[in-house]
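A.B. asks: Every letter in the sequence shown is one number past the one before it in my numbering, and letter 11, counting from 1, is 11. Each residue gets a CB set at the ideal place from its N, CA and C atoms; glycine is no exception.
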Amino acid sequence: MHNVRLNGTKCQFMKSKIRYLGHELTSEGVSPLQDKIEAIQKAPRPTNVSELKSFLGMVNYYGKFVRNLSSQMQPLYALLQHNINWVWSDDCEQAFVNAKNALASNQVLTHFDPNKPLVLSVDASPCGLGAVLGHRYPDGSDRPIAYASRTLSQTEKNYAQIEKEALAIIFGIKKFHLYLYGTNFTLITDHQPLTKIFGPKHGIPALAAARMQRWAVLLSAYQYNIEYRSSAKNANADLLSRLPVGEASSGDPEEYFVFETVLMETPITATEISKHTDKDPVLAKVLEFTLSGWPNHCVDPAIQPYFTRRDELSLEDGCLLWGRRVIIPSKLHELILSELHECHPGMSRMKALARCYDGGQV
């Protein structure tokens with residue numbers, strides 16, 4: 001019907017399993033060829049960057065089979081960075097051994113079936129993102145189709161924890177777009193606030209960070225049900241995020257904006273705000289919670305206003321933001337108000353300018 005022609009001498013029929021491009025295909029699924037894995041396990045220790053790249057290339061070729069090909073490998077990727085002297089440390093040796101052992105797990109990936117329900121599990125850790133695409137079977141079990149992970153860039157490591165978890169969703173969606181687009185799937189996260197923000201009932205808060213709003217728009221193109229699953233039960237994605245493979249890209253173009261302006265003198269810099277935020281007893285705690293994750297309950301009355309709006313807080317250049325407003329530490333209130341009042345803008349204009357900042361309590 002499609003005018004496809006096959007060379008009979010290059011075809012195999014009525015086989016229970018077949019070798020193809022370094023993989024073994026059976027009715028049960030796909031697994032790496034054992035002789036290829038043995039070749040990786042026998043690979044000698046790299047002695048320079050070129051040899052290390054070759055080894056990592058072999059390992060990453062089978063990365064979709066590995067649950068824990070992870071930041072255990074970060075010491076190896078660190079050696080690829082520019083202006084880094086080649087020093088094969090104990091950490092590098094351990095990462096080298098762990099990578100070999102991870103590939104010896106005999107993981108079998110199930111075949112993709114367009115008639116079976118799809119499940120995408122994601123998670124973020126302080127150093128990376130993880131995603132697992134799988135099928136859900138009638139008995140409630142999930143079987144993996146493919147694994148994916150990557151490290152966070154230096155900029156992404158400074159995101160608030162809720163933004164890292166949201167970024168993990170975007171990473172998983174983009175990685176498995178061809179499987180997910182146009183079909184209804186289940187999205188699993190271990191960050192419960194995201195089930196409300198990206199769920200069908202509540203929607204994203206009006207004062208959420210701009211990148212969260214852009215991601216919500218991107219997700220609106222997909223059909224999914226979002227579920228919360230604790231980290232203990234979301235082990236696949238959680239482990240991948242803590243043990244990511246590969247370096248992060250420089251970021252999507254959507255993350256960057258260019259503003260053209262002329263400033264003769266700025267009243268205060270982000271560096272100064274960040275420095276005073278770290279010294280502020282309340283804001284320092286809020287910053288740490290925003291970066292690392294909030295507790296389930298808050299009893300400190302000074303923290304409570306921020307806890308209530310924790311899903312609307314974000315970080316930029318070490319400064320806390322509520323929506324698009326910079327939260328100013330108490331030590332800088334007088335300076336900011338003095339600078340705003342200096343040009344005598346009038347009461348209404350003065351209030352409008354002050355609303356660009358938040359005076360320490362959201």
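Could you give the residue range of the beta strand (DSSP E) that holds Lys17?
C.D. replies: Where Lys17 is concerned, the enclosing beta strand (DSSP E) stretches over 17-20.
A.B. asks: Helix, strand or coil for Leu315 per DSSP?
C.D. replies: Leu315: strand per DSSP, three-state reduction.
A.B. asks: So for Asn83, helix, strand or coil by DSSP?
C.D. replies: Three-state DSSP puts Asn83 in coil, outside helix and strand.
A.B. asks: Can you tell me the Cα-Cα spacing of Cys92 and Leu52, whole angstroms?
C.D. replies: The straight-line gap from Cα to Cα measures roughly 11 Å.
A.B. asks: Just to confirm, is the Cβ distance from Thr290 to Ala160 under 7 Å?
C.D. replies: Yes, they are a contact pair.
A.B. asks: Mind checking whether Val119 and Arg136 have CB atoms under 7 Å apart?
C.D. replies: In contact: Val119 and Arg136 (Cβ atoms closer than 7 Å).
A.B. asks: Could you give the C-beta distance for Ala95 and Pro75, rounded to a whole number, given that I count them as a contact under 8 Å?
C.D. replies: About 5 Å separates the two Cβ atoms, so the contact holds.
A.B. asks: Compute the beta-carbon to beta-carbon distance between Lys175 and Ala216, rounded to the nearest angstrom, for a pair I have assumed lies under 8 Å.
C.D. replies: Between Ala216 and Lys175 the Cβ distance is about 19 Å, and since that is not below 8 Å, they are no contact.
A.B. asks: Taking the DSSP output, what are the residues bridged to Pro32?
C.D. replies: The partner list for Pro32 (beta bridge, DSSP) reads His23.
A.B. asks: Report yes if the CB atom of Val108 is closer than 7 Å to the CB atom of Ser54, and no otherwise.
C.D. replies: No. Outside cutoff.
A.B. asks: Contact defined as beta carbons within less than 8 Å: I believe Leu320 pairs with Leu287. What is the distance between those atoms, to the nearest angstrom?
C.D. replies: 6 Å between Cβ atoms; contact.
A.B. asks: Cα-Cα, which of Ala302, Asp113, Trp294 is closest to Arg310?
C.D. replies: Nearest option by C-alpha distance: Trp294.
A.B. asks: Is the beta carbon of Ala124 sitting closer than 7 Å to the one on Glu165?
C.D. replies: Going by C-beta atoms, Ala124 is nearer than 7 Å to Glu165.
A.B. asks: Does DSSP classify Gln223 as helix, strand or coil?
C.D. replies: Residue state, collapsed to three classes: strand.
A.B. asks: For the alpha helix (DSSP H) containing Val97, list its first residue and its last residue.
C.D. replies: First-last of the alpha helix (DSSP H) with Val97: 90-102.
A.B. asks: Alpha carbon to alpha carbon, what distance is there between Arg19 and Thr9?
C.D. replies: Spanning the two alpha carbons is a distance of roughly 16 Å.
A.B. asks: In the DSSP assignment, find the unbroken alpha helix (DSSP H) run with Gly57 in it and report its ends.
C.D. replies: Run containing Gly57: 49-61, per the alpha helix (DSSP H) assignment.
A.B. asks: Measuring alpha carbon to alpha carbon, tell me which residue in Ile162, Lys64, Ile328, Ile268 is nearest Lys279.
C.D. replies: Among Ile162, Lys64, Ile328, Ile268, the Cα nearest to that of Lys279 is on Ile328.
A.B. asks: Report, in whole angstroms, the separation of the C-beta atoms of Tyr181 and Tyr222, which I expect to be a contact under 8 Å.
C.D. replies: That pair is a contact at about 7 Å.
A.B. asks: Quick one, which of Ala168, Ser330, Thr183 has its alpha-carbon nearest Phe198's?
C.D. replies: Ranking Ala168, Ser330, Thr183 by Cα distance to Phe198 puts Ala168 first.
A.B. asks: Taking the alpha helix (DSSP H) that Ser274 falls in, what are its first and last residues?
C.D. replies: Unbroken alpha helix (DSSP H) run through Ser274: 270-279.
A.B. asks: Please go through the same chain and pick out, in chain order, the residues whose beta-carbon is closer than 7 Å to the beta-carbon of Glu254, but skip the five residues on each side of it.
C.D. replies: Confidence at Glu254 is low in this model, with a pLDDT of 46, below 50, so its placement is unreliable and the value that follows should be read with caution. Counting only Cβ-Cβ distances below 7 Å, and skipping sequence neighbours, we find Arg214.
A.B. asks: For the putative contact between Trp86 and Leu80, defined by C-beta atoms under 8 Å, what is the C-beta separation to the nearest angstrom?
C.D. replies: Rounded, the Cβ-Cβ distance is 10 Å, inconsistent with contact.
A.B. asks: At which residues does the beta strand (DSSP E) containing Tyr77 begin and terminate?
C.D. replies: That residue, Tyr77, is in no beta strand (DSSP E); its alpha helix (DSSP H) goes 74-78.
A.B. asks: Unbroken beta strand (DSSP E) runs of length 3 or more, entirely within the segment 121-164: which are they?
C.D. replies: Here the runs fully enclosed are 128-136, 142-151.
A.B. asks: Consult DSSP for Tyr181 and reduce its assignment to one of helix, strand or coil.
C.D. replies: DSSP places Tyr181 in coil when its eight states are reduced to three.
A.B. asks: With respect to the alpha helix (DSSP H) encompassing Ile197, which residues constitute its N-terminal and C-terminal limits?
C.D. replies: Run containing Ile197: 193-197, per the alpha helix (DSSP H) assignment.
A.B. asks: Can you list, in chain order, the residues of its chain whose CB lies under 7 Å from that of Ile268, leaving out five sequence neighbours each side?
C.D. replies: If we look at Ile268 and ignore the five residues flanking it on each side, its Cβ neighbours are Leu332, Leu335, Ile336.
A.B. asks: Can you list, in chain order, the residues of its chain whose CB lies under 6 Å from that of Pro46, leaving out five sequence neighbours each side?
C.D. replies: These residues qualify, in order along the chain: Leu52, Phe55.
A.B. asks: Alpha carbon to alpha carbon, how far is Leu313 from Glu156? Give it in angstroms, no decimals.
C.D. replies: Their backbone Cα atoms lie some 16 Å apart in a straight line.
A.B. asks: Measuring alpha carbon to alpha carbon, tell me which residue in Lys196, Asn184, Ile173 is nearest Leu218.
C.D. replies: The candidate whose alpha carbon is nearest that of Leu218 is Ile173.
A.B. asks: Count the other CB atoms, across all protein chains shown, that sit within 10 Å of the CB of Pro138; report buried if there are 16 or more and exposed otherwise.
C.D. replies: It counts as exposed.
A.B. asks: Could you tell me if Phe257 is buried or exposed, where buried requires 16 or more neighbouring beta carbons within 10 angstroms of its beta carbon?
C.D. replies: Confidence in Phe257 is poor, its pLDDT being 45 and thus under 50, which makes the residue's placement too unreliable to answer from.
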